[in-house]
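Residue numbers (the working numbering): 1484 to 1728. The beta-carbon is built from N, C-alpha and C at its ideal position, and this holds for glycine as well.
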């Protein structure tokens, strides 16, 4: 089976020396891949390389339509648009942007918001939503795009545990429907719920199933002094010290 996402000897940067290098992995339809690494380790850089937004060498290939869910930017919050309006923007990916949205597009936006648990907030201003809710609205927008590849940049940041659990369940539903998901995250424990784990720290540290990757040696090389290792039975459990403002 031809992978939907593939990198081979990928290096990427912003005009100077590469900030991410030696990345080689493939993800097929039906796989949800979590991307782990410290702040500045290359998670967002990988997504931008796949999208063709920055300088790269080597192979960075997407095999189908892609939807990117970025981390929300505070500068975006002053626009007078509702959660439904933002989700509806996903329909623009289908072309005909100059025409008013039709009934089917509006229904798709409503259904997407319902799927991420925000139907009740459809008419709430996007800027008044919590950070976690905004991330879910952006995910709804990606669902409206009907892309087979989803690149999700820390979609669980600021999301309460119950909602995060529901969203990871949704990720697996989407994968089961034939999509490929790359999800960047700081949740080392939650990474065990994904099909594969990609660890980055300026370079690719490891890639494979959670039971092979989420081990002491790999996590120490990925996070260095930013984690605390706790022994739990026969396995090491890691918790990360990271700083978000």
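Taking the beta strand (DSSP E) that residue i belongs to, which residues open and close that run?
i            : result
residue 1729 : The displayed coordinates of the chain run from 1484 to 1728. Any statement about residue 1729 would go beyond what the structure contains.
residue 1691 : 1687-1691
residue 1508 : 1503-1510
residue 1658 : Run containing residue 1658: none in the beta strand (DSSP E); it sits in the alpha helix (DSSP H), 1644-1659.
residue 1550 : 1549-1552
residue 1636 : 1632-1636
Would a C-beta distance cut-off of 8 Å place residue i and residue j closer than the cut-off?
i            : j            : result
residue 1636 : residue 1539 : no
residue 1666 : residue 1638 : yes
residue 1627 : residue 1664 : no
residue 1623 : residue 1595 : yes
residue 1548 : residue 1489 : no
residue 1679 : residue 1632 : no
residue 1605 : residue 1565 : yes
residue 1541 : residue 1619 : no
residue 1494 : residue 1537 : no
Looking only at its own chain, which residues have a Cβ that is under 7 Å from the Cβ of residue i, when we skip the five neighbours before and after it?
i            : result
residue 1551 : 1530, 1534, 1634
residue 1615 : 1641, 1642, 1643, 1646
residue 1486 : 1509, 1510, 1511, 1546
residue 1688 : 1682, 1701, 1704, 1705
residue 1515 : 1654, 1655, 1658, 1664, 1666, 1677, 1678
For residue i, count neighbouring Cβ atoms within 10 angstroms of its own Cβ and tell me buried if that reaches 16, exposed if not.
i            : result
residue 1567 : buried
residue 1677 : buried
residue 1654 : buried
residue 1573 : buried
residue 1497 : exposed
residue 1580 : Residue placement at residue 1580 cannot be trusted, given a pLDDT of 48 that sits under 50; what the coordinates show is reported in the next sentence. Exposed, since its Cβ has fewer than 16 Cβ neighbours within 10 Å.
residue 1501 : buried
residue 1603 : exposed
residue 1656 : exposed
residue 1588 : buried
residue 1671 : buried
residue 1562 : exposed
residue 1674 : buried
residue 1668 : buried
residue 1532 : buried
By Cβ distance below 8 Å, which residues in the same chain neighbour residue i in space, the five residues on each side in sequence not counted?
i            : result
residue 1683 : 1503, 1506, 1518, 1519, 1520, 1524, 1525, 1526, 1529, 1705
Might you give, ordered along the chain, the residues of its own chain that have their beta carbon closer than 6 Å to the beta carbon of residue i, omitting 5 neighbours on each side?
i            : result
residue 1650 : none
residue 1625 : 1550, 1552, 1633
residue 1686 : 1504, 1505
Ends of the alpha helix (DSSP H) at residue i?
i            : result
residue 1541 : Note, residue 1541: premise wrong, no alpha helix (DSSP H); beta strand (DSSP E) at 1538-1545.
residue 1592 : 1586-1598
residue 1485 : Unbroken run through residue 1485: none, as it is neither H nor E.
residue 1704 : 1699-1706
What distance in whole Å lies between the Cβ atoms of residue j and residue i, which are believed to be in contact at a cut-off of 8 Å?
i            : j            : result
residue 1609 : residue 1617 : 6 Å
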